[in-house]
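First to last, the protein sequences are chains A and B.
Residue numbers are given in our numbering: position 309 of the first sequence equals residue 412, and the series is strictly consecutive.
Residue numbers are given in our numbering: position 1 of the second sequence equals residue 104, and the series is strictly consecutive.
Heads up, the beta-carbon is just placed ideally off N, CA and C, and yes, glycines get one too.
Number of protein chains: 2
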Amino acid sequence: MSQRPTLADVASAAGVSVSTASLAFSGAGPIAEATRQRVLDAAASLDYAGPNPLGRQLRSGRSGIVGVVVGDALRRSFREPVSVQLLDGLVDAISPLGLGVLLVPGSLEPGAPLVDPLVESAAMDVAVLIWGGTLDDPTLQALQRRGIPLVVVEGQDLPGIVTVGIEDRDGVADLARHLTGLGHERIATVTLPFGPDRRSGLADATRLGQITWSIARRRLDGLQDAGVEPVAIYETPASLVEHGHAAAQALLSGPAATRPTAVVAQSDLLASGVVLGARELGLRVPEDVSVAGFDGLDLPWLAPDVLTTVVQPITEKGAVVGRAIEALLAGDTPADEVLGVEVRLGTTTGPAPGA
Amino acid sequence: MSQRPTLADVASAAGVSVSTASLAFSGAGPIAEATRQRVLDAAASLDYAGPNPLGRQLRSGRSGIVGVVVGDALRRSFREPVSVQLLDGLVDAISPLGLGVLLVPGSLEPGAPLVDPLVESAAMDVAVLIWGGTLDDPTLQALQRRGIPLVVVEGQDLPGIVTVGIEDRDGVADLARHLTGLGHERIATVTLPFGPDRRSGLADATRLGQITWSIARRRLDGLQDAGVEPVAIYETPASLVEHGHAAAQALLSGPAATRPTAVVAQSDLLASGVVLGARELGLRVPEDVSVAGFDGLDLPWLAPDVLTTVVQPITEKGAVVGRAIEALLAGDTPADEVLGVEVRLGTTTGPAPGA
DNA sequence: GGCCCAGTTCGAATCGATTCGACCCGAGCG
DNA sequence: CGCTCGGGTCGAATCGATTCGAACTGGGCC
Numbered sequence: 104m105s106q107r108p109t110l111a112d113v114a115s116a117a118g119v120s121v122s123t124a125s126l127a128f129s130g131a132g133p134i135a136e137a138t139r140q141r142v143l144d145a146a147a148s149l150d151y152a153g154p155n156p157l158g159r160q161l162r163s164g165r166s167g168i169v170g171v172v173v174g175d176a177l178r179r180s181f182r183e184p185v186s187v188q189l190l191d192g193l194v195d196a197i198s199p200l201g202l203g204v205l206l207v208p209g210s211l212e213p214g215a216p217l218v219d220p221l222v223e224s225a226a227m228d229v230a231v232l233i234w235g236g237t238l239d240d241p242t243l244q245a246l247q248r249r250g251i252p253l254v255v256v257e258g259q260d261l262p263g264i265v266t267v268g269i270e271d272r273d274g275v276a277d278l279a280r281h282l283t284g285l286g287h288e289r290i291a292t293v294t295l296p297f298g299p300d301r302r303s304g305l306a307d308a309t310r311l312g313q314i315t316w317s318i319a320r321r322r323l324d325g326l327q328d329a330g331v332e333p334v335a336i337y338e339t340p341a342s343l344v345e346h347g348h349a350a351a352q353a354l355l356s357g358p359a360a361t362r363p364t365a366v367v368a369q370s371d372l373l374a375s376g377v378v379l380g381a382r383e384l385g386l387r388v389p390e391d392v393s394v395a396g397f398d399g400l401d402l403p404w405l406a407p408d409v410l411t412t413v414v415q416p417i418t419e420k421g422a423v424v425g426r427a428i429e430a431l432l433a434g435d436t437p438a439d440e441v442l443g444v445e446v447r448l449g450t451t452t453g454p455a456p457g458a
Numbered sequence: 104m105s106q107r108p109t110l111a112d113v114a115s116a117a118g119v120s121v122s123t124a125s126l127a128f129s130g131a132g133p134i135a136e137a138t139r140q141r142v143l144d145a146a147a148s149l150d151y152a153g154p155n156p157l158g159r160q161l162r163s164g165r166s167g168i169v170g171v172v173v174g175d176a177l178r179r180s181f182r183e184p185v186s187v188q189l190l191d192g193l194v195d196a197i198s199p200l201g202l203g204v205l206l207v208p209g210s211l212e213p214g215a216p217l218v219d220p221l222v223e224s225a226a227m228d229v230a231v232l233i234w235g236g237t238l239d240d241p242t243l244q245a246l247q248r249r250g251i252p253l254v255v256v257e258g259q260d261l262p263g264i265v266t267v268g269i270e271d272r273d274g275v276a277d278l279a280r281h282l283t284g285l286g287h288e289r290i291a292t293v294t295l296p297f298g299p300d301r302r303s304g305l306a307d308a309t310r311l312g313q314i315t316w317s318i319a320r321r322r323l324d325g326l327q328d329a330g331v332e333p334v335a336i337y338e339t340p341a342s343l344v345e346h347g348h349a350a351a352q353a354l355l356s357g358p359a360a361t362r363p364t365a366v367v368a369q370s371d372l373l374a375s376g377v378v379l380g381a382r383e384l385g386l387r388v389p390e391d392v393s394v395a396g397f398d399g400l401d402l403p404w405l406a407p408d409v410l411t412t413v414v415q416p417i418t419e420k421g422a423v424v425g426r427a428i429e430a431l432l433a434g435d436t437p438a439d440e441v442l443g444v445e446v447r448l449g450t451t452t453g454p455a456p457g458a
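Take a look at the structure:
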């Protein structure tokens, strides 16, 4: 009798059948109040803390778990604040539904055929890929094979998979128009990684053809939409302050006559690195060079400066994913969603020098 | 036949019994290679992606899930990098064991008797509280009632619960001795929250008696151990850059004769806010005021400055928690662990002015 | 007094796998 | 030639709950 008590133990202690005892806890079905109380008392005296979730799950076929594939995102921890905030919003959104978030490591090594054991065999009712995902991704394939409904955030449209994204292309275009409106003509850009190979440095035409992660592609295309042909494209291996800093060194060291007058970074972390790098080169922001980012984080360490950026509704993204999950579990097939973004003017952009 | 196939379907398709089919997948027990292959082929042709985890879990009594109670930590997302990095280390540590991390929201409101539904009824084999936890915490109590083994990180010692912590008291003491060695005599300190009421401002003796979160207490005591009696204690509502900034305004605005010559912050984020605030007041760091932190994060936005701080092994902490979990699941009762820390000298501390 | 109905309670099947002991069969040995 | 041994397979019980239909109970009504 060292085992934890089961519903059967409680039932016999209360002098009722197992089915009645179950009713007392689940509340599904009619039960006399007196009986219910007797069962609850028996449970209390046995230290029974409620029905074992495993039994319930097997019966219902539902685990109540949403697997979130975090890829490298979590590994880069607070350095990838967008992912973490999304995770936060998602937890908030699905927690009231009684669902929990299970962290699932993504691909172990780039290009490796292996996936984390959890991908193969953890119980989950739905899975979310928060960092995009291409059709040939082994993690995505394994989940599809298991028949687990998927929601992909910030990925390209995939057939038969629900996607949630933002209008980042339009947002960057708006931002670019803001800059051209200020008279900027030599605009450089600092991008997110092109793909799993995560290179760093100036990208030429060949390299531009090798973009596999669509997020970098879309944000580049936004510039084109606004008629901006960047004078330089600097690719970074990750969205980190230090890579933005390095980009600034590479892009802004030349003479004023040819130096870009504005830099558009594809993330706020990169942008803040560019600001710091520019200052270090003795350039004033925004008098000598304007800098803009993407995401809309608050960056207290830039204070009193405020970054000009494209604000995306990260928390709402989590909520939207939550709703998609709810629909999937109800058997519906929710529509893809694309959330709007908004340019927020800060103090890091201004008129082009000499304009 | 619209349902997903079960092991029974595979077995009958392969012309073997269910038990044999189970053997083919689990590898536990003898099975002829030919038979195994036949079962696997049948599975492939039926699109059977492996045994349903729910069935397996019920039978084994194990869910393979570690519940991690994140409290406000995740909510503050990248602003609480220590928690996120710990989470990262923990995922790394237990993923090879085939265990997954389930995020469990902590107390919904301070003082509320309610706990998140997941706390009451999610399947988990072990739970981890990563932000400490006192005996009267409803989340902790609920988990104890369910008979779920607990690991508490950075909490006070609790009877019958495994704790993992660091030598933060000694670390702060070492740091304080470094400062007194440099001739500092007027040392102020900026602390983590005292408790769930999260006040902000200078703390007097009365307030100092109201510390419920032991982490702030221990790090204060470290100063005493080194014989340092702080000239001012500034309490913050959260470990954020902006609160460190505010603390600097409050502590460093006075005349040089009475102004503290050094500030010890209980976290790196607070410390970096102090540095920024000091600079804004026109003070040079470390010539006019020395600043030190705690944690050992890398703060690229302070570059080229490097914070003097007490480095704690965050990732290793995750690994240690992982080992404790492993031991608990094996039925052992692992010992409490206290990890060492190390003072790392940076560029933000120097000789006391005039010394 | 008999019948019917609403309100409760109960038995048994079910979810999908694992596992233990029984059983079968062929090979090796006496 | 018969017996034993052991590898391989199978049946059935089991994990802990939910759920559906059947059965039982007592009260009200004719």
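### Task
Report whether the distance from the Cβ of Ala365 of chain B to the nearest heavy atom of the ligand FMN is below 7 Å.
Looking at this structure, you won't find the ligand FMN or any other ligand, since it has none at all.
### Task
Flag Pro454 of chain A as yes if its beta-carbon sits less than 8 Å from any beta-carbon of chain B, otherwise no.
Proximity of Pro454 of chain A to chain B, defined by a Cβ-Cβ separation below 8 Å, is not satisfied.
### Query
Taking the alpha-carbon positions, what's the Ala127 of chain A to Met227 of chain A distance?
C-alpha separation (whole angstroms): 28 Å.
### Query
Can you tell me the Cα-Cα spacing of Ala116 of chain B and Leu110 of chain B, whole angstroms?
The straight-line gap from Cα to Cα measures roughly 10 Å.
### Task
Please state whether DSSP places Arg141 of chain A in a helix, a strand or coil.
It is helical.
#### Entry: Collapsed DSSP secondary structure at Ala341 of chain A in the structure displayed
It is coil, neither helix nor strand.
### Under 9 Å by beta carbon: chain A residues contacting Trp234 of chain B
Result: empty, since nearest Cβ-Cβ is about 15 Å, beyond 9 Å.
### Message
For Asp271 of chain A and Glu136 of chain B, I'd like the C-alpha separation in whole angstroms.
### Response
So the two alpha carbons sit approximately 54 Å from each other.
### Query
So which residues on chain A does Glu223 of chain B lean against when the C-beta distance must stay under 9 Å?
From the beta-carbon of Glu223 of chain B, the residues of chain A found nearer than 9 Å are Ala152, Gly153.
### Query
Would you report the Cα separation of Val388 of chain A and Gly330 of chain B, rounded to the nearest angstrom?
The alpha-carbon of Val388 of chain A is positioned some 46 Å away from that of Gly330 of chain B.
### Query
Any C-beta of chain A sitting closer than 8 Å to the C-beta of Gly107 of chain B?
Rather than Gly, the amino acid found at residue 107 of chain B in this sequence is Arg. For Arg107 of chain B, the answer is yes, since a Cβ of chain A falls inside 8 Å of its Cβ.
### Straight-line gap, Gln244 of chain B to Ser198 of chain A (C-alpha atoms, nearest Å)
If you take the alpha carbons of Gln244 of chain B and Ser198 of chain A, they lie about 20 Å apart.
### Task
Report yes or no: is there a C-beta of chain A within less than 8 Å of the C-beta of Gly286 of chain B?
Not one chain A Cβ lies under 8 Å of Gly286 of chain B.
#### Entry: Assigned secondary structure, Leu206 of chain A (DSSP; H/G/I helix, E/B strand, else coil)
DSSP, reduced to helix, strand and coil, places Leu206 of chain A within a strand of the structure shown.
### Query
Taking C-alpha atoms, which residue in B:Glu183, B:Val171, B:Ala114 lies nearest to Asp371 of chain B?
Checked all of B:Glu183, B:Val171, B:Ala114; the closest Cα to Asp371 of chain B is B:Glu183.
### Query
Going by Cα to Cα distance, which pick from A:Gly385, A:Leu326, A:Gly209 is closest to Ala276 of chain A?
Comparing C-alpha distances from Ala276 of chain A to each of A:Gly385, A:Leu326, A:Gly209 shows the shortest one belongs to A:Leu326.
### Query
With C-beta atoms as the reference, is Ile417 of chain B less than 8 Å away from Val204 of chain B?
Not closer than 8 Å, so no.
### Query
From Ser375 of chain A to Ala114 of chain B, what distance separates their C-alpha atoms?
About 60 Å.
### Query
Nearest-angstrom Cα distance between Arg321 of chain B and Pro252 of chain A?
One C-alpha to the other measures close to 48 Å.
### Query
If you draw a straight line from the C-alpha of Arg382 of chain B to the C-alpha of Thr361 of chain B, how long is it?
Spanning the two alpha carbons is a distance of roughly 18 Å.
### Query
Is it buried or exposed for Thr436 of chain A, if we count other Cβ within 10 angstroms and need 16 for buried?
Thr436 of chain A should be labelled exposed.
### Message
Here's the rule: buried if 16 or more other CB atoms are within 10 angstroms of the residue's CB, otherwise exposed. What is Glu445 of chain A?
### Response
By the 16-neighbour rule on beta-carbons within 10 angstroms, Glu445 of chain A is exposed.
### Query
Looking at the C-beta of Arg249 of chain B, does it have a partner C-beta in chain A at a distance below 8 Å?
So yes, Arg249 of chain B belongs to the interface.
#### Entry: CB contact check: Val441 of chain A to chain B, cutoff 8 Å
No, no contact with chain B.
### Message
Give me, in chain order, the residues of the same chain whose beta-carbon lies closer than 6 Å to that of Glu257 of chain B; leave out the 5 immediate sequence neighbours on both sides.
### Response
Answer for Glu257 of chain B: Gly235, Gly268, Ile318, listed in chain order.
### Message
Is there a C-beta anywhere in chain A that falls below 8 Å from the one on Met104 of chain B?
### Response
Reliability of the predicted coordinates at Met104 of chain B is poor, the pLDDT of 44 falling under 50, and the value obtained from them is presented with this limitation in mind. So no, Met104 of chain B is outside the interface.
### Query
In chain order, what residues of the region 297–314 of chain A put their CB closer than 9 Å to some CB of chain B?
Closer than 9 Å at the C-beta level to chain B, one finds no residue of the region 297–314 of chain A.
#### Entry: Secondary structure of Phe297 of chain A, DSSP reduced to three states
Residue state, collapsed to three classes: coil.
### Query
Start and end of the beta strand (DSSP E) containing Ala230 of chain A?
Bounds of the beta strand (DSSP E) holding Ala230 of chain A are 229–232.
### Query
Ala242 of chain A by DSSP, collapsed to three states: which one?
Note on identity: in this sequence residue 242 of chain A is Thr, with Ala being the wrong assignment. Of the three classes helix, strand and coil, the one that applies to Thr242 of chain A here is helix, per DSSP.
### Query
Rounded to whole angstroms, how far is the Cβ of Val397 of chain B from the Cβ of Val413 of chain B, which I believe are closer than 8 Å?
According to the sequence as given, residue 397 of chain B is Phe; it is not Val. Their Cβ separation, rounded to whole angstroms, is 5 Å, which keeps Phe397 of chain B and Val413 of chain B in contact under 8 Å.
### Message
For a contact defined as C-beta to C-beta under 7 Å, what are the partners of Trp404 of chain B on chain A?
### Response
The contacting residues are Val344, Ser375, Leu379, Trp404.
### Task
Report the residues of the region 258–272 of chain A with a CB closer than 9 Å to any CB of chain B, ordered along the chain.
Answer in chain order: no residues at all.
#### Entry: 8 Å Cβ shell around Met104 of chain A - same chain, five flanking residues per side excluded
At Met104 of chain A the pLDDT is 44, less than 50, meaning the model places this residue with poor confidence; the figure from the coordinates comes in the next sentence. Nothing meets the Cβ criterion.
#### Entry: CB of Leu278 of chain A within 8 Å of CB of Val187 of chain A, strictly
Taking 8 Å as the Cβ cut-off, Leu278 of chain A and Val187 of chain A do not qualify as a contacting pair.
### Message
Counting only Cβ pairs nearer than 8 Å, list the residues of chain A close to Asp219 of chain B.
### Response
Neighbours of Asp219 of chain B across chain A, judged by C-beta separation under 8 Å: Ser198.
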